[in-house]
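Residue numbers (numbering that gives the first Met the number 0), protein chains in the order written: chain A, 0 to 150; chain B, 0 to 421.
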Amino acid sequence: MYRITVLLLFASFFSYAQIDYKSLVKNLEEITIETNLNEYFDGLPSENRYDDLVLNDERFLRFYTIIIDKVSFSSGWRGRTMTMKFFDEPKDYESIKGILSEKYGEPEIDQRDNSINYEWKVDEKELSLSVNTEDGVFKSFDSLDVIFNAK
Amino acid sequence: MKTIYSLIIVLIVLLFSSCTNNKELLLKYDFSKANSQSEMDSLLVKIGKENKDFDLDTVSFFRLNEIEIDGMHYDGVPVKKALLSDSYTFLTTDTINYYGKKLLEVIEAKKGLINSENTYNDDIQFIWKAEREDLDFKLNLVNGKHLAAIGDKDFGELKITFKPIYDVPLANIHKKIKVYDVKPTYVLNIRSYSNKYTVILDDIVIAENSKYTEHNLNRYITDGESSKLKIIVVPIDNSKFDKNGTFAATIYDETTKQTIADVQRISIAGKSSVEFTLDFTPKLPWYPKAWNNGVDLRKDENLKQKVNTLYKRVGDAILSKDEKAINDLFYQKQFEKQQLDQDVDFEVARTYWESLKQIQNNSYKYTIEDTYSIEFNANGRLIWTYPTNKTDMIIFTGKEFSKQMNFYLYQPEGSNELKIIR
Numbered sequence: 000m001y002r003i004t005v006l007l008l009f010a011s012f013f014s015y016a017q018i019d020y021k022s023l024v025k026n027l028e029e030i031t032i033e034t035n036l037n038e039y040f041d042g043l044p045s046e047n048r049y050d051d052l053v054l055n056d057e058r059f060l061r062f063y064t065i066i067i068d069k070v071s072f073s074s075g076w077r078g079r080t081m082t083m084k085f086f087d088e089p090k091d092y093e094s095i096k097g098i099l100s101e102k103y104g105e106p107e108i109d110q111r112d113n114s115i116n117y118e119w120k121v122d123e124k125e126l127s128l129s130v131n132t133e134d135g136v137f138k139s140f141d142s143l144d145v146i147f148n149a150k
Numbered sequence: 000m001k002t003i004y005s006l007i008i009v010l011i012v013l014l015f016s017s018c019t020n021n022k023e024l025l026l027k028y029d030f031s032k033a034n035s036q037s038e039m040d041s042l043l044v045k046i047g048k049e050n051k052d053f054d055l056d057t058v059s060f061f062r063l064n065e066i067e068i069d070g071m072h073y074d075g076v077p078v079k080k081a082l083l084s085d086s087y088t089f090l091t092t093d094t095i096n097y098y099g100k101k102l103l104e105v106i107e108a109k110k111g112l113i114n115s116e117n118t119y120n121d122d123i124q125f126i127w128k129a130e131r132e133d134l135d136f137k138l139n140l141v142n143g144k145h146l147a148a149i150g151d152k153d154f155g156e157l158k159i160t161f162k163p164i165y166d167v168p169l170a171n172i173h174k175k176i177k178v179y180d181v182k183p184t185y186v187l188n189i190r191s192y193s194n195k196y197t198v199i200l201d202d203i204v205i206a207e208n209s210k211y212t213e214h215n216l217n218r219y220i221t222d223g224e225s226s227k228l229k230i231i232v233v234p235i236d237n238s239k240f241d242k243n244g245t246f247a248a249t250i251y252d253e254t255t256k257q258t259i260a261d262v263q264r265i266s267i268a269g270k271s272s273v274e275f276t277l278d279f280t281p282k283l284p285w286y287p288k289a290w291n292n293g294v295d296l297r298k299d300e301n302l303k304q305k306v307n308t309l310y311k312r313v314g315d316a317i318l319s320k321d322e323k324a325i326n327d328l329f330y331q332k333q334f335e336k337q338q339l340d341q342d343v344d345f346e347v348a349r350t351y352w353e354s355l356k357q358i359q360n361n362s363y364k365y366t367i368e369d370t371y372s373i374e375f376n377a378n379g380r381l382i383w384t385y386p387t388n389k390t391d392m393i394i395f396t397g398k399e400f401s402k403q404m405n406f407y408l409y410q411p412e413g414s415n416e417l418k419i420i421r
């Protein structure tokens, strides 16, 4: 008991007031067409640009543990689209490609002079990863779009 | 065993006490504790007294002191450099020990999470605006990449700006605004190419021969009774509509995007004028007093004199900086506008108040149009005046400055004076 008291005393002395950032981290792979986005992102800074919901604080956005720069959500006749922007880290490119291939199988690949597009299609959603390349080598991300098909 | 525990506790208390003394020494001047410019000035005086080596200017109006001494901090985060002027304080952290990140985190703990600003470089900026102070924080990336990968050398810059205290009710309207569960915003949208439109809602002309195709209707709704909207369309050159001329219009709720009433697209080719009506029943959570208790002004023989008197009061109040008179003239108009918008943003009324004060700062005279025609709206209870020679009813003039004004006016029952209402 004494030790706990003392530890708490020290913890309060050496730390400063701060938000519990870890508890606010959102794993975007959890989102489905049924997710209530306002409730899901409650407490996080967001904005509405036209009809899209946009969040751009990378401290709170993850997709299979990869840091997301920005995510936006739009709705259309096909359903809900989640568009993620990544930081241009080559290791993230390899990771996301590997994770999605493992989960959804081999993608359809559309390779052009300066870009590659990967598409995975499953029953409830379609995923489209676009990257820019230079001499066939990853240069930067374009985006990862997840289209949740309307039921 | 108990003795050993007691001994440990005593040692820890001694250690804690020594640390506390060190902490007090290290963290001596807390900029986060200042809640006004005068409290910040007092902190500057304290720093000056306790650090005689620094020749601090604590009295000049345009003072600017740059201070680099130990013991400065913002809520526990050490500050390397402070720049204090008579109107703002600018703090910079050191480029070690994640001080930039820590400064951001203490501000977020106090002010909450907000969206970052759009910047033209890699630096990250947040601006917290509040009634009493603005905090403008910038994280300068040195060895960090972004907010989720901040480096230990990234440093923070914080600009603290205290705002004046506003006592006048007109600048504090946001405190009186009620927010309701629903916020219908009725908007008329006209889709017709290159024409002029006169829009009349319940006998109130809200636009005459206007090129604007969107009109907010809420400001002219005074009750939940059935409303009639009339739209008169004429070609822009007053000739005939083009052979491809069509017209369509919708009243929709901007909040829910729901269509309330509409005119389906129709050909107007070859005609020289067309008129459409739309009926709808608005449902607002709150209705303004507006001109509901206004008297019929159509037979008022002294109306022109009353109009002149009203605009003279506006001119005199603004030029003489008579805050009470300015408040009395504009409060109801601004309150009803903000309440209809359910706008609780403290900056809206302050900006309006400052804009009225700006007129006084920039102008030395006003002129009132004395020839004008009067348009009677809402069964004579609401009037709009069309100046004959000038563009508006009152014009304030200064060196390279001009501000024009014109208002909807009404006369409350039991009063003999006109009031500004829209």
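Beta carbons: idealized from backbone N, C-alpha and C, even for Gly.
Among the residues of its own chain, which have a CB less than 7 Å from the CB of residue i, if the five just before and after it don't count?
| i | result |
| --- | --- |
| lysine 282/B | Pro183 and Gly223 |
| lysine 75/B | The identity of residue 75/B in the sequence shown is glycine, whereas the question assumes lysine. Excluding positions up to five away in sequence, the list reads Leu26 and Val105. |
| glutamine 341/B | Ile176, Val178, Tyr179 and Lys182 |
| serine 142/A | Thr82, Met83, Lys84 and Ser129 |
| alanine 289/B | Thr221, Glu335 and Ile420 |
| asparagine 50/B | Ile68 |
| alanine 108/B | none |
Given a cut-off of 7 Å on the beta-carbon distance, is the pair residue i and residue j in contact?
| i | j | result |
| --- | --- | --- |
| serine 71/A | valine 53/A | yes |
| asparagine 188/B | glutamate 207/B | no |
| lysine 120/A | asparagine 131/A | no |
| valine 24/A | methionine 81/A | no |
| arginine 61/A | isoleucine 32/A | no |
| aspartate 87/A | phenylalanine 40/A | no |
| leucine 112/B | phenylalanine 136/B | no |
| methionine 392/B | asparagine 376/B | no |
| phenylalanine 154/B | glycine 99/B | yes |
| lysine 229/B | threonine 276/B | yes |
| serine 225/B | aspartate 201/B | no |
| asparagine 326/B | proline 168/B | yes |
| glutamate 368/B | lysine 389/B | yes |
| tyrosine 219/B | isoleucine 203/B | yes |
Apply the 10 Å Cβ neighbour rule to residue i and answer buried if 16 or more other Cβ atoms are within range, or exposed otherwise.
| i | result |
| --- | --- |
| proline 163/B | exposed |
| leucine 63/B | exposed |
| asparagine 504/B | No information on residue 504/B is available, as it lies outside the stretch 0 to 421 that chain B covers here. |
| glycine 413/B | exposed |
| alanine 268/B | exposed |
| arginine 264/B | exposed |
| glutamine 36/B | buried |
| glutamine 333/B | buried |
| tryptophan 352/B | buried |
| aspartate 54/B | exposed |
| proline 287/B | buried |
| lysine 124/A | buried |
| asparagine 139/B | buried |
| glutamate 38/A | exposed |
| glutamate 416/B | exposed |
| threonine 258/B | exposed |
Based on Cα-Cα distance, which residue from the options lies nearest to residue i?
| i | options | result |
| --- | --- | --- |
| isoleucine 95/A | Ser127/A, Gly78/A, Lys120/A and Leu23/A | Ser127/A |
| isoleucine 235/B | Lys175/B, Tyr351/B, Phe30/B and Ser272/B | Ser272/B |
| tyrosine 407/B | Asp166/B, Val186/B, Asn215/B and Ile382/B | Ile382/B |
| aspartate 321/B | Asp54/B, Leu216/B, Pro287/B and Asn360/B | Asn360/B |
| asparagine 362/B | Phe375/B, Lys32/B and Ile394/B | It should be noted that the sequence gives serine, not asparagine, for residue 362/B. Nearest option by C-alpha distance: Ile394/B. |
| lysine 90/A | Thr64/A, Ile108/A, Ile18/A and Glu57/A | Thr64/A |
| isoleucine 370/B | Ala316/B, Tyr409/B and Gln304/B | First, the residue type needs correcting, since residue 370/B is threonine and not isoleucine in the sequence shown. Among Ala316/B, Tyr409/B and Gln304/B, the Cα nearest to that of threonine 370/B is on Gln304/B. |
| asparagine 55/A | Phe125/B, Asp85/B, Asn96/B and Lys80/B | Phe125/B |
| asparagine 120/B | Trp127/B, Val141/B and His72/B | Val141/B |
Please list the terminal residues of the continuous beta strand (DSSP E) segment that includes residue i.
| i | result |
| --- | --- |
| alanine 170/B | Taken as a continuous stretch (DSSP letters only), alanine 170/B belongs to no beta strand (DSSP E), as it is neither H nor E. |
| lysine 402/B | 400 to 404 |
| glutamine 338/B | No beta strand (DSSP E) holds glutamine 338/B; the alpha helix (DSSP H) holding it covers 322 to 339. |
Less than 6 Å between C-beta atoms, sequence neighbours within five positions excluded: which residues of the same chain meet that for residue i?
| i | result |
| --- | --- |
| serine 266/B | Thr245 |
| aspartate 261/B | Thr249 |
| glycine 143/B | Ile149, Gly150 and Asp153 |
| glutamate 118/A | Pro106, Glu107 and Ser127 |
Start and end of the alpha helix (DSSP H) containing residue i?
| i | result |
| --- | --- |
| tyrosine 103/A | 89 to 103 |
| asparagine 301/B | Here asparagine 301/B belongs to no alpha helix (DSSP H), and DSSP marks it neither H nor E. |
| glutamine 359/B | 345 to 361 |
| aspartate 40/B | 36 to 49 |
| tyrosine 39/A | 36 to 39 |
Please confirm if residue i has its CB atom under 7 Å from at least one CB of chain E.
| i | result |
| --- | --- |
| alanine 108/B | Given the protein chain composition of this structure (A and B), no chain E is represented. |
Excluding five sequence neighbours on each side, which residues of the same chain lie with their C-beta closer than 8 Å to the C-beta of residue i?
| i | result |
| --- | --- |
| aspartate 164/A | Not covered by the structure: residue 164/A. The range shown for chain A is 0 to 150. |
| glycine 42/A | Leu23 |
Following a CB-centred definition, is residue i positioned closer than 6 Å to any heavy atom of the ligand FAD?
| i | result |
| --- | --- |
| glutamine 17/A | Inclusion of the ligand FAD in the displayed structure is not the case, the ligand content being empty and no account of it being possible. |
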